[in-house]
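S.K.: To start, I am sharing the structure in question, which I have written as structure tokens.
Numbering (this note's numbering), first residue to last: 1 to 282.
Below you can see the structure in the form of structure tokens.
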């Protein structure tokens, strides 16, 4: 899940009616790339007792989440709504990315009252009226000069605005461990995250709930491009920015804020050692 076609897919496939016929009242859906999204009976109990038709798990935004969709309140009726960066006018981007102004972002872990979902779908002729999101892409993600295309999508979290009484729940950062970019994957592969005995992936306790902010140039946009980079220690890294071809040798420790800029075509080798609050340029 992740996109808004989840709802018509539940109807069209017959699964919504089938689940209701089998007595299933609640559903938990989440992004497959969120490794921290596990079914929590405590949240289910809270949701059931609340009587809300729709519950969105949110968590506090950090610098790493500035481009993620945030919650807002619609002035006309006071309902919660989700705003994605692709829906944001250029003039409002700075405000959109202000994590003090917009403090909560959508983890895309949602709890649904299936009977009320069916009622709302029937009221909306089988399709929830979700806002359209327009993204500019290229046919070949590796080639920026390939044919330009427009990708149209809807977000399943945007359904929060369709339900009277929909709510949001502030959850610990441990319930959000996304892998949407190669920067996320690099952080996940490092010691900034740990795997518990039950298989749950979460930030290391030493991180205090804040992930490292990893920014990689387009040299690492795809997974196979990331492999030669290697994985440094990031347990004490606040931010890491890499531009150009780089490889970390085993034993590299990144601490604080570090930037590495390589403007040459030759891969720069980062030798073992501690690199703290510095900019390395070639």
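Yeah, the Cβ is synthetic: ideal placement off N, Cα and C, and Gly gets one too. Source: prediction; values computed, not measured.
In chain order, which continuous runs of the beta strand (DSSP E) of length 3 or greater are located wholly inside the segment 156-205?
M.R.: 167-170, 193-195, 201-203
S.K.: Taking only the alpha-carbon atoms, compute the straight-line gap between residue 230 and residue 46 and give it to the nearest angstrom.
M.R.: 42 Å
S.K.: For residue 57, which residues does DSSP report across the bridge?
M.R.: 109, 169
S.K.: What did DSSP end up calling residue 4 once you bin it into helix, strand or coil?
M.R.: coil
S.K.: Per DSSP, what are the beta-bridge partners of residue 264 in this structure?
M.R.: Answer is none; residue 264 lacks a bridge partner.
S.K.: If you drop the 5 nearest sequence neighbours on each side, which residues of the same chain put their C-beta closer than 6 Å to that of residue 209?
M.R.: 173
S.K.: Pick out whichever of 274, 14, 245 has its Cα sitting closest to the Cα of residue 257.
M.R.: 274
S.K.: Below 7 Å between beta carbons: does that hold for residue 82 and residue 108?
M.R.: no
S.K.: Are the segment 131-147 and the segment 81-96 touching, with three or more C-beta to C-beta distances below 8 Å?
M.R.: The segment 131-147, when compared against the segment 81-96, does touch it at the 8 Å Cβ threshold.
S.K.: My output table needs one value for residue 45: the three-state DSSP class, helix, strand or coil.
M.R.: helix
S.K.: Enumerated in chain order, which unbroken segments of the beta strand (DSSP E) with a length of 3 residues or greater are wholly contained in the segment 61-94?
M.R.: 70-73, 80-83
S.K.: What are the start and end residues of the alpha helix (DSSP H) that includes residue 27?
M.R.: No alpha helix (DSSP H) contains residue 27, which is instead part of the beta strand (DSSP E) from 26-29.
S.K.: In the DSSP output, which residue or residues are listed as bridge partners for residue 233?
M.R.: According to DSSP, residue 233 bridges with 253.
S.K.: In this structure, does DSSP put residue 238 in helix, strand or coil?
M.R.: strand
S.K.: What number of angstroms, rounded off, separates the C-alpha of residue 21 from the C-alpha of residue 15?
M.R.: 10 Å
S.K.: Please name the residue or residues paired with residue 149 in a DSSP beta bridge.
M.R.: 137
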